[in-house]
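Those protein sequence lines, which keep their order, are chains A and B.
For what it's worth, our numbering labels the leading residue of the first sequence as 1, then goes sequentially.
For what it's worth, our numbering labels the leading residue of the second sequence as 1, then goes sequentially.
Heads up, the thing below is written out as structure tokens.
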Amino acid sequence: MAARRGSKRAATSRSRNGPPVDEPVPIDSLPLGPTGRSLVVLRPGPQSERVDTLKNLAGIRVAASSDFENAAVTEADIAGADGILLEHIDVMIVNGDPGQIAAIRSSVADLESPILSIEPEEYVIPFDFLTQGGREYLRGYGDAVQSLMERLMTGAPPMDQADVEAVFSDTAAFTWGLQATKVDGSACTGAGIRVCVLDTGFDLLHPDFVGRSVVTQSFVPGVPTVQDGHGHGTHCIGTSCGPKTPAGGVRRYGIAHMATIMVGKVLSDAGSGQDGWILAGINWAVQNKAAIISMSLGSPVAVGGTFKAAYESAAQAALNANCLIVAAAGNSANQPVGSPANCPSIMAVAAVDSSLQHAPFSSIGINPSGGEVNIAAPGVNVFSSVKMPSRYTMMSGTSMATPHVAGIAALQAQSSGLRGQALWNRLTSTTQNIGQTPQLIGSGLAQAPLCRLIHPPFPWPVQPIKHPPIHPPIHFPPLPIPPIPTPPPPPFRRSPQR
Amino acid sequence: MTKKKADEKVRVLITSSDGNLSAAITALEKHGLKVHSVMDAIGVATGEADESKLDAMRKTPGVTVEREDTVQLPPPDSAIQ
Numbered sequence: 001m002a003a004r005r006g007s008k009r010a011a012t013s014r015s016r017n018g019p020p021v022d023e024p025v026p027i028d029s030l031p032l033g034p035t036g037r038s039l040v041v042l043r044p045g046p047q048s049e050r051v052d053t054l055k056n057l058a059g060i061r062v063a064a065s066s067d068f069e070n071a072a073v074t075e076a077d078i079a080g081a082d083g084i085l086l087e088h089i090d091v092m093i094v095n096g097d098p099g100q101i102a103a104i105r106s107s108v109a110d111l112e113s114p115i116l117s118i119e120p121e122e123y124v125i126p127f128d129f130l131t132q133g134g135r136e137y138l139r140g141y142g143d144a145v146q147s148l149m150e151r152l153m154t155g156a157p158p159m160d161q162a163d164v165e166a167v168f169s170d171t172a173a174f175t176w177g178l179q180a181t182k183v184d185g186s187a188c189t190g191a192g193i194r195v196c197v198l199d200t201g202f203d204l205l206h207p208d209f210v211g212r213s214v215v216t217q218s219f220v221p222g223v224p225t226v227q228d229g230h231g232h233g234t235h236c237i238g239t240s241c242g243p244k245t246p247a248g249g250v251r252r253y254g255i256a257h258m259a260t261i262m263v264g265k266v267l268s269d270a271g272s273g274q275d276g277w278i279l280a281g282i283n284w285a286v287q288n289k290a291a292i293i294s295m296s297l298g299s300p301v302a303v304g305g306t307f308k309a310a311y312e313s314a315a316q317a318a319l320n321a322n323c324l325i326v327a328a329a330g331n332s333a334n335q336p337v338g339s340p341a342n343c344p345s346i347m348a349v350a351a352v353d354s355s356l357q358h359a360p361f362s363s364i365g366i367n368p369s370g371g372e373v374n375i376a377a378p379g380v381n382v383f384s385s386v387k388m389p390s391r392y393t394m395m396s397g398t399s400m401a402t403p404h405v406a407g408i409a410a411l412q413a414q415s416s417g418l419r420g421q422a423l424w425n426r427l428t429s430t431t432q433n434i435g436q437t438p439q440l441i442g443s444g445l446a447q448a449p450l451c452r453l454i455h456p457p458f459p460w461p462v463q464p465i466k467h468p469p470i471h472p473p474i475h476f477p478p479l480p481i482p483p484i485p486t487p488p489p490p491p492f493r494r495s496p497q498r
Numbered sequence: 001m002t003k004k005k006a007d008e009k010v011r012v013l014i015t016s017s018d019g020n021l022s023a024a025i026t027a028l029e030k031h032g033l034k035v036h037s038v039m040d041a042i043g044v045a046t047g048e049a050d051e052s053k054l055d056a057m058r059k060t061p062g063v064t065v066e067r068e069d070t071v072q073l074p075p076p077d078s079a080i081q
């Protein structure tokens with residue numbers, strides 16, 4: 001959600017200060033549910049191979065968006081083609097008959113296939129926002145898509161920083177980070193998603209978390225409880241999973257407010273831990289079916305340094321078990337992303353400030369083979385929970401950016417049903433371009449989903465992801481996801497007898 | 001071998017690159033590896049070995065042997081976390 005933000009935001013974007021200026025969208029005229037088409041998510045790769053795969057598999061003739069003028073693919077183009085490949089985002093829109101769709105679906109299980117997933121395309125309507133500035137949200141979305149396409153197609157350089165004048169600040173209702181990542185406008189809750197935070201533990205007596213579903217395990221030898229004597233872990237859990245309405249009456253600072261919190265204490269109250277404790281925490285989280293592991297920890301890596309095989313093995317096993325690991329890029333300023341964030345299969349998170357500028361302390365992508373930054377999130381002056389009696393505090397660091405991504409990943413997991421590598425792809429393909437190089441901020445600023453209801457209901461078949469073999473993939477039964485509650489039928493009223 | 005004569009012990013992480021962690025451990029135990037834990041879900045084991053044996057252990061095919069390091073957060077009152 002990028003361009004023209006500076007000047008337009010004040011006037012139209014999600015204005016809470018004045019009436020909208022455009023004609024209202026008549027709700028009744030908006031279509032709902034599946035469109036009849038399918039969205040196929042592809043592994044990045046040569047375009048010809050991907051097009052040929054669809055042709056050979058299901059006889060589907062695919063056009064690429066680059067075949068169209070300015071890559072502006074219109075609804076008419078899509079309706080008139082068997083399939084359109086949006087090659088810049090690795091997504092294909094397919095108009096297929098049931099036999100063709102079944103053929104594509106069956107190939108999802110084939111680990112060699114470039115097809116990662118297939119799901120029905122749906123009409124997307126932000127139900128909850130049509131009455132609260134939803135049109136502005138949609139217009140901003142349209143602007144962003146338009147801007148993205150223009151920049152991709154014309155080869156224009158990223159917009160310069162003057163285009164991004166957005167400066168956020170904490171309000172009475174939300175921290176600046178929740179505003180910048182659109183969590184404030186998301187109806188997603190993270191319900192049903194397990195988020196594991198491996199850190200210094202958690203203040204189990206914090207009054208903002210009374211009644212929350214919490215699973216705990218300490219991996220610090222001789223320390224039987226996860227009680228946080230440091231404060232770092234409680235701050236990270238606050239950001240990723242804190243409440244929608246904090247009992248302390250402060251602004252909302254937490255993202256996945258209905259997620260199940262898994263607390264793995266892998267760092268002592270002095271803030272130190274050994275690789276073996278952290279790996280044991282990952283092992284525990286994977287075995288207990290966490291969908292996301294958040295690790296605001298690490299060690300500096302020198303220029304030319306490589307990742308540790310043990311963490312990469314763990315992260316690959318996690319992805320194969322539908323578990324995504326995000327980790328802090330590190331606070332080494334212009335030095336390389338640290339370990340374990342430098343593993344290819346761990347998402348490295350950089351920090352930005354409230355002007356959406358890369359934070360000067362945030363480590364950058366220098367080393368190859370996993371050493372790049374993958375995504376960015378708010379990490380300067382982040383307000384969140386801390387151990388009692390302080391209750392709340394501001395902290396800065398990539399440690400604070402990481403749980404923003406973890407919480408947003410939980411919302412994306414809930415919204416899309418995606419897990420593992422597919423969830424990774426979703427996160428990095430839904431970022432906001434904030435006009436800085438990937439070396440600093442990876443794919444951009446993490447963004448929360450509006451919250452799309454899953455239809456048809458989850459589970460979609462979630463396929464294991466093929467990685468270079470380190471050890472056999474681990475298969476778990478599908479996660480039990482409770483059915484989406486349907487509203488009770490309207491009360492039956494007998495019509496008056498004549 | 002008495003304890004006095006023994007090399008300095010170092011903590012190690014064992015990863016199998018061919019998917020057979022238990023075979024890797026068996027092979028490394030011949031070099032004196034003492035296993036602390038085996039984490040099957042992530043394909044990693046931890047243990048302890050003589051520092052002087054690490055080079056020999058690393059020559060075992062299909063096995064990665066790394067030193068276990070310590071991770072340290074900044075102090076709680078540090079400006080950057």
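Ideal placement from N, C-alpha and C gives every residue a C-beta, glycine not left out.
Per the Cβ contact rule, the region 346-357 of chain A is not in contact with the region 189-206 of chain A (fewer than 3 Cβ pairs under 8 Å).
Residues of chain B whose Cβ lies closer than 7 Å to the Cβ of N331/A are, in chain order, I80.
Residue state for H232/A is assigned as helix, using DSSP reduced to three classes. For R194/A, the enclosing beta strand (DSSP E) begins and ends at R194 to D199. For T430/A, the closest of R494/A, S169/A, N374/A and A401/A by C-alpha to C-alpha distance is N374/A. Judged by DSSP in its simplified three-state form, T398/A adopts helix. Taking the Cα of Q179/A as reference, the smallest distance to any Cα among S218/A, L85/A and F168/A is reached at F168/A. Beta-carbon to beta-carbon, L267/A and L73/B are separated by about 6 Å, close enough to satisfy the 8 Å threshold.
Within the region 49-71 of chain B, those residues whose Cβ lies closer than 8 Å to any Cβ of chain A are, in chain order, T64, E66, E68, D69, T70 and V71. Of the residues assessed, T181/A falls on the buried side of the cut-off, its CB having 16 or more other CB atoms within 10 angstroms. Note on G59/A: under 16 other CB atoms within 10 angstroms of its CB, so exposed under the neighbour-count rule.
Only those residues of the region 355-387 of chain A whose C-beta falls short of 8 Å from the nearest C-beta of chain B are listed: F361.
Boundaries of the alpha helix (DSSP H) around G177/A: W176 to A180. For V35/B and I325/A, the gap between their C-alpha atoms comes out near 26 Å.
Interface residue (Cβ-Cβ distance to chain B less than 8 Å): K289/A is not classified as such. Per the C-alpha coordinates, the member of N433/A, V263/A, T239/A and A79/A positioned closest to V380/A is T239/A.
Contact note: D228/A does not reach chain B at a C-beta cutoff of 7 Å; the least C-beta distance is about 10 Å.
Per DSSP, reduced to three states, the secondary structure at A290/A is coil, with no helix or strand assignment. In the DSSP annotation of this structure, T53/A is not part of any beta strand (DSSP E); the continuous alpha helix (DSSP H) holding it starts and ends at Q47 to A58. Around S22/B, no beta-carbon contact reaches into chain A at under 9 Å, the shortest distance being about 11 Å. For K34/B, the secondary structure class from DSSP, reduced to helix, strand or coil, is strand. Within chain B, the C-beta atoms nearer than 7 Å to that of N283/A come from M39, A41 and I42, in chain order. In the three-state DSSP reduction, R493/A falls in the coil class, being neither helix nor strand.
In the structure shown, the three-state DSSP call for P336/A is strand. Cβ neighbours of I80/B within its own chain (closer than 7 Å, five residues either side excluded): P74.
Here M388/A is exposed, its C-beta having fewer than 16 other C-beta atoms within 10 Å. What L73/B touches in chain A, judged by beta-carbon distance under 9 Å, is D199, T200, H230, H232, L267, A270, G271, S272, G273, S296, L297 and S399, going in chain order. Residue burial is scored here from C-beta neighbours: K244/A has fewer than 16 other C-beta atoms within 10 angstroms and is therefore classed as exposed. Contact check for Q414/A and A102/A: beta-carbon distance about 27 Å, past the 8 Å limit, so the pair fails to qualify. Look at the beta carbons and you see the region 325-341 of chain A touching the region 400-408 of chain A: at least three pairs across the two are nearer than 8 Å. With a threshold of 8 Å between beta carbons, A317/A makes contact with chain B. Neighbours of L33/B in chain A, taken as residues at a C-beta separation under 9 Å, are lacking, since the least C-beta distance is about 14 Å.
Sorting G371/A, N56/A and V51/A by C-alpha distance to the C-alpha of D67/A places V51/A at the top. If you draw a straight line from the Cα of V405/A to the Cα of K30/B, it comes to about 44 Å.
Look at the region 243-327 of chain A and you find these whole runs of beta strand (DSSP E), each 3 residues long or longer: 260-265, 272-274 and 292-295. Contact between the region 10-18 of chain B and the region 47-56 of chain B is established, with three or more Cβ pairs separated by less than 8 Å.
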